[in-house]
Amino acid sequence: MIMSNIIFHIDVNNAFLSWSAVELLNKGSKVDIREECAVIAGDETKRCGVVLARSIEAKKKGVITGESLFNARRKCSNLKVYPPNHDLYEKMSGKLFELISEFTSDVEIVSIDECYVDYGKVKNLYGNEIMFAYKLKNIIKQKLGFTVNIGIANNKLCAKMASNFSKPDKVHTLYEDEIKDKMWILPIDELYGVGEKTSEKLKVININTIGDLANFKPNELYKYFKKQTTKMIDMANGIDNSIMKYDEVCQKGISHSTTLERDLIEKEELYKILQSIAEKITMALRGQNKYTYVVAVILRDKFFNNYTHQTKLKNATDMPDEIFQISKRLFNEMWNLEPIRLIGIRVDQLVSKDNYQLSIFEDFKEREKQSKLEKIITKLKEKYGNNVIIKASLVRRNGKK
DNA sequence: TCTGGGGTCCTAGGACCC
DNA sequence: TCTGGGGTCCTAGGACCC
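First residue of the first sequence? That's 709 in the working numbering, and the numbers climb one at a time after it.
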């Protein structure tokens, strides 16, 4: 018999809002903002007024994460709005993962407020997974003051889907034989990886639930989704072979962007902002002991059109002025003079400084080898004439057509 | 005073090479 | 003379997630 995996997905309920609630209570506040119709949202005067997290009451009124406060207020006239506190969230996140790691080190952190646990590895120690999940969620609530959902399944995808069932403070399972009853009945946009655009397309061909997708003819679906088809149908069937990633995976890129308080067309002002962003990027790069090979500038104009323009460098860098000068050039090449709402820089293809030094060294060794070879060829030519050695690449080129 | 910021992954098209 | 094909790299944009 094949031992199947047991994976937990642990997800903080309304993380930012819960964490702010705990902090306010600790500071002596009499109200628990989780009980109000409340949201955590950015500053409207800085044009960052979007909902980052909402309470259950706000959710009931139809408030969605990511929507403007303007819209949210229309749905809920007595909406309470609290500012985000990212330092606090980092701290609370750290406490959560620290607590979980007291039980097991087989943890994959996927974002500030969620992780996977390979429970199969510790089942011998703690016993039945459902019992343990209840225990763990209660310990978190008791020690840290906020609630989590735990999804239990045989793979990461199903665990993730399970933790998303009813909330808050719940444990759910989604084993293989439960997929039909628990997952297929859900609307298609609740499938992980199916967002707004894909679900719109799916609804056009009458796929409205996850079950509809799971049972759709693959070759029919192929007409619309090409290479993505197999993956989509697999996911609707709860099939996922992705493995746990325990090691901290190297970050691929770093970006910084800012929405301006008003739309700007003044070049010099935009340069100044670009420069300060370049400095922040540099700090982040140096913090990770990395250089970058790719610099990109990101723009959003007043019409909400997004543009990016990037370039690959010959030599990786972490120099603020170099990154700024490149960004300035990219900006000038790209900007169509429309007023700018958002400006940013992204760096990509990062390389650790240690590896980079090594590659320069390798390069150097290669060049040295090359120059030795050139010297030998010169000597041979002196002795036997010019035709004695013809580079392979030249032979190939001359021999062709 | 409607629409954040930081990520990842995928795709398509063009350039270029063999 | 009539228009290969496979591979890789690079860029821009889109979609999605938290």
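Quick reminder that beta carbons are idealized off the backbone N, C-alpha and C, glycines included.
- Among the bridge pairs identified by DSSP, H880 is matched with G859.
- One thing to note: I918 has its Cβ no nearer than 8 angstroms to the Cβ of L882.
- Apart from sequence neighbours up to five positions away, the residues of its chain that approach K953 with a beta-carbon distance below 7 angstroms are E816, ordered along the chain.
- Taking a 10 Å sphere around the C-beta of S785, we find fewer than 16 other C-beta atoms and assign the residue as exposed.
- In the three-state reduction of the DSSP assignment, C745 falls in the coil class.
- Rounded to the nearest whole angstrom, the C-alpha separation of N997 and K1061 is 6 angstroms.
- Counting along the chain, the unbroken beta strand (DSSP E) around Y790 starts and ends at K788 to Y790.
- A check of alpha carbon separations from G995 across I962, D814 and L978 identifies I962 as the nearest.
- A distance of 8 angstroms or more separates the beta carbons of Q959 and L1021.
- Bounds of the beta strand (DSSP E) holding T966 are G961 to L972.
- For I715, the beta-bridge partners assigned by DSSP are D826 and A861.
- Short of 7 angstroms from the beta carbon of H1017, and not among the five residues preceding or following it, lie these beta carbons of its own chain, in chain order: A1004, V1005, L1038, E1041 and M1042.
- For R781, the enclosing alpha helix (DSSP H) covers residues L777 to K783.
- Scanning its chain for C-beta atoms nearer than 8 angstroms, with the 5 sequence neighbours on each side dropped, one finds around S813 the residues Y954, in chain order.
- With contacts defined by Cβ atoms closer than 8 angstroms, E798 and V720 do not form a contacting pair.
- Taking each of K931, L899 and K935 in turn and checking the Cα distance to D920, the smallest one comes out for L899.
- Ranked by how close their Cα comes to the Cα of I1048, the residues T938, N949 and K1010 have K1010 in first place.
- The way I'd put it, the segment 932-944 doesn't touch the segment 827-847; fewer than three beta-carbon pairs between them come closer than 8 angstroms.
- For I1051, the three-state secondary structure derived from DSSP is strand.
- Taken through DSSP and simplified to helix, strand or coil, N1023 comes out as strand.
- At the C-beta level, I973 and L1007 stay beyond 8 angstroms of one another.
- Beta-bridge analysis with DSSP links A723 to no other residue.
- Boundaries of the beta strand (DSSP E) harbouring S819: V815 to S819, taken from the DSSP string.
- Between the alpha carbons of G774 and L760 lies a gap of roughly 6 angstroms.
- Here K803 really is in contact with L852; their C-beta atoms are around 6 angstroms apart, less than 8 angstroms.
- Judged by DSSP secondary structure, V1005 falls within the beta strand (DSSP E) whose first and last residues are K998 to D1009.
- Here R762 is buried: its Cβ has 16 or more other Cβ atoms, across all protein chains shown, within 10 Å.
- Residue nearest to I981 within the set D751, Q1033, Y842 and I951 is Q1033 (criterion: CA-CA distance).
- Residue burial is scored here from C-beta neighbours: E810 has fewer than 16 other C-beta atoms within 10 angstroms and is therefore classed as exposed.
- When rounded, the separation of the alpha-carbon atoms in D740 and A729 is 6 angstroms.
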